[in-house]
Amino acid sequence: MKRNMGWQLLALVAGLVLTVEARAQEVSAGAAGSFGNTGQIVISSDFRATIGYTSVSGPGDQFLIDLRPSVDYFLKENLSLGGTVYLGTAFQRGDDPLLVGVGIRGGYNIPLNSSVSVWPKLGLAVAHSDGFLGFGERTFLEVSLSAPFLVHLAPHFFFGAGPGLITQLGDDTVATLHVSAVVGGYF
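Residues -24 to -1, 1 to 163 (mature numbering (1 follows the signal peptide of the UniProt record, and there is no 0)) make up the sequence shown, in order.
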């Protein structure tokens, strides 16, 4: 009986050592390259950024470019604060309308597994348009909420898509529910 207890004790100690070693490797691998660590800087573009071609009455056919480059910083584990710049134009007959703006946003990354997370963000921006997307000249406040699901296929690179809601408040109030894509990297 005493001999069996010795083997059982040895097996128990070996199992505990292997479990602790495996857990330590898992934590250090996740801490080194996972998205959302404190101090990470994320550079991305939300592809509500549009490059498109539309045919409309009035000015005629338009070729649109609407870019929204963004930079975010993780203040704490998974908690981000960032900013974005709005740059848009439409090439058409006559004057080319322009969209410019700047905004701030906060987000919280929620890891779902080792390669997928969801990163909901709430943003506030001020923008000016002189006829972009047919709204005429106006300055507006934009409140946005998005929740893209991110896929981290390679270290420091992600892409994703998800639902979003944008409300523009000004002379004309516009609410848009959409699905947008995002691509970015972090260091």
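Positions of the beta carbon are idealized from the N, C-alpha and C atoms, including for glycine.
| query | When the cut-off is 7 Å and only beta carbons count, does T152 lie next to chain C? | reply | Here there is only one protein chain, and chain C is not present.
| Pick from T152, N89, I41, L57: whose alpha carbon is nearest that of F67? | Out of T152, N89, I41, L57, I41 has the C-alpha closest to the C-alpha of F67.
| request: Starting from Q144, follow the beta strand (DSSP E) in both directions and report where the run begins and ends. | output: Looking at the DSSP string, the run of the beta strand (DSSP E) that includes Q144 is 133 to 145.
| Coil, strand or helix - residue 167 by DSSP | The requested residue 167 does not occur in the structure, where the chain is confined to residues -24 to 163.
| query | Just the Cα atoms here: how many angstroms apart are W95 and T115? | reply | One alpha carbon belongs to W95, the other to T115, and they sit about 29 Å apart.
| Expressed to the nearest angstrom, what Euclidean distance is found between the alpha-carbon atoms of I19 and G77? | For I19 and G77, the distance between alpha carbons rounds to 18 Å.
| message | By the three-class DSSP mapping on this structure, what secondary structure does F125 have? | response | If DSSP states are grouped into helix, strand and coil, F125 belongs with the strands.
| Quick one, which of Q16, S105, G99 has its alpha-carbon nearest N54's? | Of Q16, S105, G99, the residue nearest in Cα terms is Q16.
| query | In chain order, what residues of the same chain have a beta carbon less than 6 Å from the beta carbon of L129, not counting five sequence neighbours either side? | reply | Around L129: no qualifying Cβ.
| task | Put F11 into one of helix, strand or coil per three-state DSSP. | result | Annotated three-state conformation of F11 is coil, per DSSP.
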